[in-house]
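Residue numbers (our numbering), protein chains in the order written: chain A, 595 to 1061; chain B, 595 to 1061; chain C, 4 to 499; chain D, 4 to 499. Glycine is no exception: its CB is placed at the ideal position from the N, C-alpha and C atoms. Predicted, not measured: the structure shown is a model, and the values here were computed from it.
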Amino acid sequence: MSYLFHTDEDRREMLKSIGAESIDEIINDQVPEAVRLKRPLNLPPACNELALTAEMTRLAARNASADSHVCFLGGGAYDHFIPAAVDEIASRGEYYTSYTPYQAEVSQGNLQVMFEYETLVTQLTGLGVSNASLYDGGSAATEAVLMALSMQRGRNKVITTDVVHPQYRDILVAYLKNIDAELVVVPSDENGHSKPMIDAIDDKTACVLIQHPNFVGQLESVSEIAAAAKEAGALTIQVFDPVSLGRLKRPGDMGVDIAIAEGQSLGNPLAYGGPYLGIMACRDELVRRLPGRIAGQTTDRRGKRCWVLTLQTREQHIRREKATSNICSNQTLLALRATVHLSLLGPEGLKETADHCIAKTAYAKEVIAKSERFEVVGEGPSLKEFVVRDLGADVAGLLAHAREQGLLAGIDMTPMCVGGSEASEPAVALPSRYEQCFLVAVTEKRSRVEIDRWANVLCEAPSMATV
Amino acid sequence: MSYLFHTDEDRREMLKSIGAESIDEIINDQVPEAVRLKRPLNLPPACNELALTAEMTRLAARNASADSHVCFLGGGAYDHFIPAAVDEIASRGEYYTSYTPYQAEVSQGNLQVMFEYETLVTQLTGLGVSNASLYDGGSAATEAVLMALSMQRGRNKVITTDVVHPQYRDILVAYLKNIDAELVVVPSDENGHSKPMIDAIDDKTACVLIQHPNFVGQLESVSEIAAAAKEAGALTIQVFDPVSLGRLKRPGDMGVDIAIAEGQSLGNPLAYGGPYLGIMACRDELVRRLPGRIAGQTTDRRGKRCWVLTLQTREQHIRREKATSNICSNQTLLALRATVHLSLLGPEGLKETADHCIAKTAYAKEVIAKSERFEVVGEGPSLKEFVVRDLGADVAGLLAHAREQGLLAGIDMTPMCVGGSEASEPAVALPSRYEQCFLVAVTEKRSRVEIDRWANVLCEAPSMATV
Amino acid sequence: QSTQLLFELSRAGRRAHRLGDLDVPSVNVDDLFTAESLAETPPPLPELAEGDVVRHFVCLSTLNMSVDTHFYPLGSCTMKYNPKRNERIASLPGFLNVHPLQHESGLQGLLELLYELQGMFAEISGLPGVSMQPAAGAHGELAALLVAAAYFREQGSDRSVVLTADSAHGTNPASAQMAGFKTKTVKSNANGLVDLEDLKAKLDDKTAVFMLTNPNTLGLFDSQIEEINQLVHDAGALIYLDGANMNAILGITRPGDFGADLMHYNPHKTFSGPHGGGGPGAGPICVRDFLAKYLPGPIVTRVENENATSDDDRYTYHLTSPSGDSIGRVRSFFGNTGVLVRAYIYLRTYGGDGLRHVSEDAVLGANYLLSKVKHFLDVPHGNRCMHEFVASASRLKKEKHLSAMDIAKRILDYGFHAPTVYFPLVVDEAVMVEPTETESKQTLDAFVEALFRITEEGEELIHDAPHSTRISRPDDVTAARRPVLKWTDAAGESAT
Amino acid sequence: QSTQLLFELSRAGRRAHRLGDLDVPSVNVDDLFTAESLAETPPPLPELAEGDVVRHFVCLSTLNMSVDTHFYPLGSCTMKYNPKRNERIASLPGFLNVHPLQHESGLQGLLELLYELQGMFAEISGLPGVSMQPAAGAHGELAALLVAAAYFREQGSDRSVVLTADSAHGTNPASAQMAGFKTKTVKSNANGLVDLEDLKAKLDDKTAVFMLTNPNTLGLFDSQIEEINQLVHDAGALIYLDGANMNAILGITRPGDFGADLMHYNPHKTFSGPHGGGGPGAGPICVRDFLAKYLPGPIVTRVENENATSDDDRYTYHLTSPSGDSIGRVRSFFGNTGVLVRAYIYLRTYGGDGLRHVSEDAVLGANYLLSKVKHFLDVPHGNRCMHEFVASASRLKKEKHLSAMDIAKRILDYGFHAPTVYFPLVVDEAVMVEPTETESKQTLDAFVEALFRITEEGEELIHDAPHSTRISRPDDVTAARRPVLKWTDAAGESAT
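If you want it as structure tokens, here you go:
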């Protein structure tokens, strides 16, 4: 049977040592008759590797992918290039079939990678300390808010804006529902900037949560908002894009207290949304409230430098209900990928990637704006993402048309706006100004030929309305 | 620059230690001015990983493959299933970036694999000894002939037949042209059997070379031929199909002296013909004439069992012009794949694979024979390969039609027949009875749905001639 | 093999990755962006050549023990063989390179898989409502507790207490706390099972959920399960099953059949998703039908097509976004799809019968080890177990100063990963062994032999163990007291 | 980590791979085939579970040193970094799963690549005729010598002697012998270069080919190359260049420009194809135009399409099968395509300028090592070298009983693969070091430091080296005298 080892003879010998007649006897001894399942599980029949590979290959081929289509989708997950060396390393069994480094002596590989990852994240963010990863960017944002709330007893207000990733806000709403906290979502201004949130900060505010560049691709006045928060005694949490830091100022250099990011962009495949990598860094002083595992440096009994899991008194397996979070597993394998990716890029590679994104995005904005049907929404430069309004008011049809032409041309924002199907409550909606708009991401992978084709297909799409 | 390490500062420091002003100075010191290249090499410009990956992906997509098409091609290379574990293991850097085990202490991995491979080949063939691999089945067949010639001083005749793989015979012709040897290619009988060769064996015959199952998928009377050869003092060399040994008698059990095979079927991808794996085993007595590397067991200075390259006095780096062959590198990585593959299959898996090939081939013969246009050529059962005659006499058009329907439906045998474009001389031609025939291989991978579609597409193909 | 850090290998000016010239007009970034936005220099990342990067990480990997290289009987973690076909199939571009915000029209293959998987999870658990969004077991616990909270909120109930067993994983109380509940601990009895009297005493009209691990962390199936079921539900509370130990009971008994109202799976344990050095995992949850509407989303639904022409378009699959009664989301996008795809492949490989054999052989292996180990190590909770058991080094500690930690360290020298030690807390000097079904009898015998030899070895040899690893007994105390959590130039110089 | 053999892990009845039920009618094999054909049982292969197979081979791999894990300065083997992009791209199904007997209409992408590669090989060598069929360097030598033989045959010449240098790779004389030539050896002079007087003495009207390695195996470019060129060609013979050392001269000088008429490449060395533990390699050959018609085939040709509508169909590519004057085939099918694809990717990655930098840095690295090593090891042939150099332990052997072999064994303990030793034969106690261009100065410094320390270490320590490897100094003599070339039950029992 597939991966099982025991032959009938093995089983007989083992039962003899146990002193049981059968495996059933052992099980029936413990599992009361009344709760035993009296029938086989109703699952599809066992399938061998050849047949299953063939079937799954057909199934996979039925999905549009960033390989079969040209991908201009973003919204928190991006089609960046992943060097082959990243896959080669992450596919080593010693990494992907090992577990949490409970025995440091036989886990120095993973522990050193964690330590290197943490260091890279601090270099990237300009903040003092990083954990070894969280589940994803979205849940990391909420963990950061919970961290801020737990530091700021007596303050229970969390301020964010309607241009922070809607799904990230959705998580926040779910997590905060049963605890003593108030979420305030401040409307952005007509350019999609969050500066108006400054006025909402008060002495009950535990933290402000911003995204920069934000969900609609706009740059925020991070330093200004962080300064206002600081003055009011609140912490500033920034959601950042790792690739943007090839060019943009680092969170730590703008007064941010806790920086979080979706680390997918750093060498991790799109994978229909997961597994992803939650990056979190904070100022040194906040370390004892930082959720998740942390690797630290120490020496062994012979004085050799080595690495261990440390500060475990924050964690659930020691502190149980008094832990800073319930997080147990982390995303080591994805953190490894990010570590390898950043090692290959280095400072100049990261900068070059950002520069290519900027130039290609600028080019895409330029070519799409040539059509009378489309309007780029929001002023100012873009890192790799921007919003386009369909003056033909048929975004759904437009994108469907593009899909047929092999293009994943953008993300329809209409369902995310107030009253849209994905905006389950006002706190998670986008401003209504983004109705009949779509969000476009242009990474360094997109060639001029692809961008031109994208613009052509969109411009020549049939429209329901008349422009 | 791509994979280079040295920074300008490194280079300066290194030059200082060397006592040279520049690298050019070092080079010009040795390479006379007159022979230096005074211009840059005229190659395409350097290309980065992203762009090259994109370009090569497009190039690869322009090839029909056993993934994009359903493959019924054989003729010495087969679309057998390769379990994922084979790829996983062979893609470990410790295997594929190491080299010949010159230092046994740091090559025990490769050496043990070679020893295991050799053992598996002896188990598979029923012969006493195996080398650690040769280039491919075709060149291995010629190496076996050379081996036989070198053992049989005074005998210079090599007898084979016109149903041995034409390309294998082509190699033989090329290698024998400058040495004292006579190649006799005996015509097969009308059923494609090689028995008539028995009459050609005489006291000048060094060896007979047969293939079983042969190129046209027929079983040969191996024991009978080997017995006749033995009586005349000649050696018998058999080209075998590893998968067939799940069911067929082993070469060693039929009186064969040297068995060779193309090992591609054992876990190695089609790869447009290479790298492949030349398998060679022989009777114990012939070991000192066996070409190629051999790993053997010994003990180290502490008495531990271990493995080394051995019997190196046969090899070119010791014996130079007196070596048994000039072969230096072998195909360790492909031998590793075969070793893993056979370990996963075991005796029952190999038998089951052969059984599936047999049943699916029988089914394919049955369904194609239903059409009046086609006739299965040759009597008797087939392992996985058989010949179909197109009574419409338009094999080229037929197969082109099938390709358009996504089928690699068979191999056109016409060009291989006497006078055909691939039959450069009579010694390498197929008998003319195979004109307007095609060779079909059906492995365990082919599903009933695929076989039915194959038959339908062929039967419904337009025909130039009228049946 | 160097164990230098990346940062120490760095040399200014080296470069591995490079993009070529732009094929679009270049822009002057300094003009385009405000000075306020731009950094003066990119982050001070290390500068390396590709060959260095590869060798560095390949060599580091060899310092890990892993399932691919070693027997890894880490109790409670189900370190079973991770099938290579899972990795290959999950890496097909149609699964791996799919964007999470693609339109569902281009995702029918994947959604079909996920829909089928939801059904399999429901069948194995006996609980029909399934959400696959949570990213890990603990995340599933939290999500399920948020579901319970939403349920009670709609009921107008003020139940605010979660009961957890003293033998429970630490995540149980931590998750309850995060979900806004107060927690109380229920004791274990002398047999290692739930102390029913203590449970009765703590159950009241404030009790929202009793979190149960069954089989529990001692590897014992609680034979009182029917009574527990009765007590908790009579008190108006829900039962949550921590599914960490599902590998013991696949096809044998179902949480939904023995009283659980909510549960999570750990597909990276039970369904062979690799552990990834600590993650990623996944934490799909299953609930009874009356709780299904509160589940986090999206989940996959399907509609039959009346005009279908082939098997491929018989159904159209949809994502149902959280709305209405749903608690919303617990992470971005769908979930840890890659881990789920592997679980699906695993389940398809075994089928229903095969899955029961998995648990049978897991139970067989654990009981076999137990039958051997009990001759030289105390096993406080009986002669039989399910898929794992907990021995105690408490006597050895008294008699020979040989602690659970010492055993764990010394067994590394024999080429085995250590069992889990000091958990569960209810056993003194706990040594928790879970062999899984994917180890041979030969390996189990060699492990027993090694364990036995350790109990006979000299104290000093063991206290200094491990001897064969690159490092031995790192100083955890200093690590925590004077944390060095990142490399800096100075740290690099001081310690090598 | 067990080092048991597969056969010792086997247990009757275990099984990893399984096909399902047949979807076609099953046949009774015993009826279908004659009893004469059928074996009574399948071959006695080992019986294993998938988990065992994987762990076995993963663990075995870690007993190898490799480029991915260690500096591997094995002279003459060019153990450079093997780029991971090569592996990824070569594994695309459109390259990897292509059948060798497919019709060329479905191979235009691959044939375009191979056509371009032929051109690159011609450009780098300065020799316009290219065949990529040979499977390895030695195979290329043989193929080229068969080409030369065919040429002389057509000329009606009876030239039957091949001259090889005494410093040549052993494959040179062995290939000549296989091709039906007699061989004579040309001596090296005191500078390690071709002894021109000896060459003159041996060149006559029977000489067919002079096989030259340049740079030679001492790492020296023969500065007399113009004279050699003159002498050999004046004698009516051809010059064959052994291309093993091409890594030294890419873009610097071309064999065709310094007199070679035929040559082979080792793409697995020069163009970064991995060495695969001993293979596969490839051995494409290049020849002057008048020799091109004798090349083994098939080779790729192209025809311009007049009606092309896009870049993709601008040309149609064809395979030209051997015929007419061609020597025929030297192996089945096209050649070692997988290795060639990797070479193509490598060449595209560097481009022409980049390729020259490869050789420059390879030469720089070797000279840097030489400049350090010569202070404590004799380097008989000068202060400068090309991409490698040969030191001699001869003095150390006399003074300290420290042989080249001892150095090779001891350096393993320092975490470096050993240099090539005892080759070339013209240097006593030769230690042949080739760093390649893909190692950092830090690594080179550490290697020099280790070498130096070894020359200072105690005799005993070194004679028992290596100490850190699983085995040390295997008994080669017994291995050859009483060969054990396969596992048998008995052998398994006697030695563990």
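- Does any residue of chain B bring its CB to less than 7 Å from the CB of Val61 (chain C)? Residue mapping note: residue 61 (chain C) aligns to position 58 of the third sequence, counting from 1. Yes, its Cβ sits closer than 7 Å to a Cβ of chain B.
- Item | Cβ neighbours of Met1063 (chain B) in the same chain (closer than 6 Å, five flanking residues each side left out) | Chain B is shown only over 595 to 1061; residue 1063 (chain B) falls outside these bounds and no answer can be derived.
- Neighbouring residues, chain D, relative to Arg58 (chain C) (Cβ below 7 Å): Within the third sequence, the letter at position 55 stands for residue 58 (chain C). Neighbours of Arg58 (chain C) on chain D, chain order: Asp71 and Thr72.
- Inter-residue Cα distance where the pair is Leu66 (chain C) and Gly279 (chain C): Start at 1 with the first residue of the third sequence, and residue 66 (chain C) comes out as number 63. Start at 1 with the first residue of the third sequence, and residue 279 (chain C) comes out as number 276. Roughly 15 Å between the two C-alpha positions.
- Just to confirm, are Ile804 (chain B) and Ser788 (chain B) a CB contact at a threshold of 7 Å? Locating residue 804 (chain B) in the second sequence gives position 210, where the first residue counts as 1. Locating residue 788 (chain B) in the second sequence gives position 194, where the first residue counts as 1. Yes, the Cβ-Cβ distance between Ile804 (chain B) and Ser788 (chain B) is below 7 Å.
- Query: What does Ala52 (chain C) touch in chain B if you count any residue whose Cβ is under 8 Å from its own?
  - Reply: For this step, residue 52 (chain C) is matched to residue 49 along the third sequence. Here the neighbours are Tyr597, Leu598 and Phe599.
- Query: Do the segment 596-605 of chain B and the segment 969-983 of chain A touch if we need at least three Cβ pairs shorter than 8 Å?
  - Reply: no
- Query: Along chain C, which residues have their Cβ under 9 Å away from the Cβ of Asp602 (chain B)?
  - Reply: Translated into the one-based positions of the second sequence, residue 602 (chain B) becomes position 8. What Asp602 (chain B) touches in chain C: Gly16.
- Measure the C-alpha to C-alpha separation of Gly461 (chain D) and Lys412 (chain C) and round it to an integer number of angstroms. Numbered from 1 along the fourth sequence, position 458 holds the residue referred to as residue 461 (chain D). Numbered from 1 along the third sequence, position 409 holds the residue referred to as residue 412 (chain C). Using only the alpha carbons, I get a separation of about 35 Å.
- Find the nearest neighbour of Leu373 (chain D) within the set D:Met123, D:Gly222, D:Ala171 and D:Asp24, judged by alpha-carbon distance. Taking the fourth sequence and counting its residues from 1, one reaches residue 373 (chain D) at position 370. Answer by Cα proximity: D:Gly222.
- Message: Check whether chain C comes within 7 Å of His911 (chain A), counting only Cβ atoms and requiring the distance to be less than that.
- Response: Stepping through the first sequence from its first residue, residue 911 (chain A) is reached at position 317. Yes - at least one Cβ of chain C is within 7 Å of the one on His911 (chain A).
- Query: Comparing the C-beta of Glu649 (chain B) with each C-beta of chain A, is any distance below 7 Å?
  - Reply: By 1-based counting over the second sequence, the position of residue 649 (chain B) is 55. Cβ-Cβ to chain A under 7 Å: no for Glu649 (chain B).
- Item | Three-state class that DSSP yields for Glu496 (chain D) in the structure shown | Here the question's residue 496 (chain D) lines up with position 493 in the fourth sequence. Caution applies to Glu496 (chain D), whose pLDDT of 42 falls short of 50 and renders its modelled position unreliable; the model cannot decide the point.
- Query: How is Val1061 (chain A) classed by DSSP in three states: helix, strand or coil?
  - Reply: One-based indexing of the first sequence puts residue 1061 (chain A) at position 467. Note that Val1061 (chain A) has pLDDT 43, beneath the 50 cutoff, so the model's placement of it is unreliable and the number below is only indicative. Correct three-state label for Val1061 (chain A): coil.
- Rounded straight-line distance, which links the Cα of Pro45 (chain C) to that of Gly109 (chain D): By one-based count along the fourth sequence, residue 109 (chain D) stands at place 106. By one-based count along the third sequence, residue 45 (chain C) stands at place 42. Between Gly109 (chain D) and Pro45 (chain C), the C-alpha separation is close to 47 Å.
- Amino acids of chain E, ordered along the chain, whose beta-carbon sits closer than 8 Å to that of Glu1038 (chain B): Structure shown: chain E not included; protein chains present are A, B, C and D.
- Item | Contact under 7 Å by Cβ, Leu206 (chain C) with Ala182 (chain C) | To locate residue 206 (chain C), count along the third sequence from 1; it is residue 203. To locate residue 182 (chain C), count along the third sequence from 1; it is residue 179. No, the pair does not count as a contact, with Cβ atoms beyond the cut-off.
- Whose C-alpha, out of C:Gly357, C:Leu380 and C:Ser406, is nearest the C-alpha of Leu635 (chain A)? By one-based count along the first sequence, residue 635 (chain A) stands at place 41. Residue C:Gly357 is the option with its Cα nearest to Leu635 (chain A).
- Task: With 8 Å as the C-beta to C-beta threshold (strictly closer), list the residues of the segment 869-901 of chain B near chain D in chain order.
- Result: Pro869, Tyr870, Val881, Arg887, Ile888, Ala889, Gly890, Gln891, Thr892, Thr893, Asp894, Arg895, Arg896, Lys898, Arg899, Cys900 and Trp901
- Task: Could you tell me the boundaries of the beta strand (DSSP E) in which Glu39 (chain D) lies?
- Result: If you number the fourth sequence from 1, residue 39 (chain D) lands on position 36. Neither: Glu39 (chain D) is in no beta strand (DSSP E) and is coded neither H nor E.
- Task: Can you grab the Cα-Cα spacing for the pair Glu909 (chain B) / Ser919 (chain B), in whole Å?
- Result: The residue given as residue 909 (chain B) occupies position 315 in the second sequence. The residue given as residue 919 (chain B) occupies position 325 in the second sequence. If I take the Cα positions, the gap works out to 7 Å.
- Residues that DSSP places opposite Arg899 (chain A) in a beta bridge: Position 305 of the first sequence, counting from 1, holds the residue named residue 899 (chain A). Paired residue(s): A:Thr893.
- Taking C-beta pairs closer than 9 Å, name the residues in chain A that Pro760 (chain B) reaches, listed in chain order. Along the second sequence, read from residue 1 onward, the residue named residue 760 (chain B) stands at position 166. Correct list: empty, because the minimum Cβ distance to chain A is about 31 Å.
- Please work out which residues of its chain come closer than 7 Å, Cβ to Cβ, to Leu1085 (chain A), disregarding the five sequence neighbours upstream and downstream, and give them in chain order. In the structure as shown, chain A begins at 595 and stops at 1061. Residue 1085 (chain A) is therefore absent and cannot be evaluated.
- Length-filtered (4 minimum) alpha helix (DSSP H) runs lying within the segment 123-196 of chain D: 140-158 and 174-181
- Message: Once DSSP output is grouped into helix, strand and coil, what is the label at Ala738 (chain B)?
- Response: For this step, residue 738 (chain B) is matched to residue 144 along the second sequence. Of the three classes helix, strand and coil, the one that applies to Ala738 (chain B) here is helix, per DSSP.
- Query: Are the beta-carbon atoms belonging to Phe213 (chain C) and Leu244 (chain C) less than 7 Å from one another?
  - Reply: Walking along the third sequence from the start, residue 213 (chain C) turns up at place 210. Walking along the third sequence from the start, residue 244 (chain C) turns up at place 241. Contact flag unset, no.
- Message: Along the segment 665-699 of chain B, where does the CB come closer than 8 Å to a CB of chain A? Name the residues.
- Response: Phe675, Pro677, Ala678, Glu682, Ser685, Arg686 and Gly687
- Which one or two residues does DSSP pair with Arg65 (chain D) in a beta bridge? Along the fourth sequence, one-based indexing puts residue 65 (chain D) at 62. Looking at the sequence itself, residue 65 (chain D) is Thr, so the reference to Arg does not match. Answer is none; Thr65 (chain D) lacks a bridge partner.
- Query: Among D:Ile457, D:Arg58, D:Gly132 and D:Phe224, which has the Cα closest to the Cα of Ile620 (chain B)?
  - Reply: On the second sequence, position 26 is the one that residue 620 (chain B) refers to. Looking at the Cα atoms, D:Phe224 is the closest of the given residues.
- Query: What residues in its chain sit with their C-beta under 6 Å from that of Leu116 (chain D), if we drop five residues either side in the sequence?
  - Reply: Here residue 116 (chain D) corresponds to residue number 113 of the fourth sequence, with the count starting at 1. So the list reads Tyr347, once near-sequence residues are dropped.
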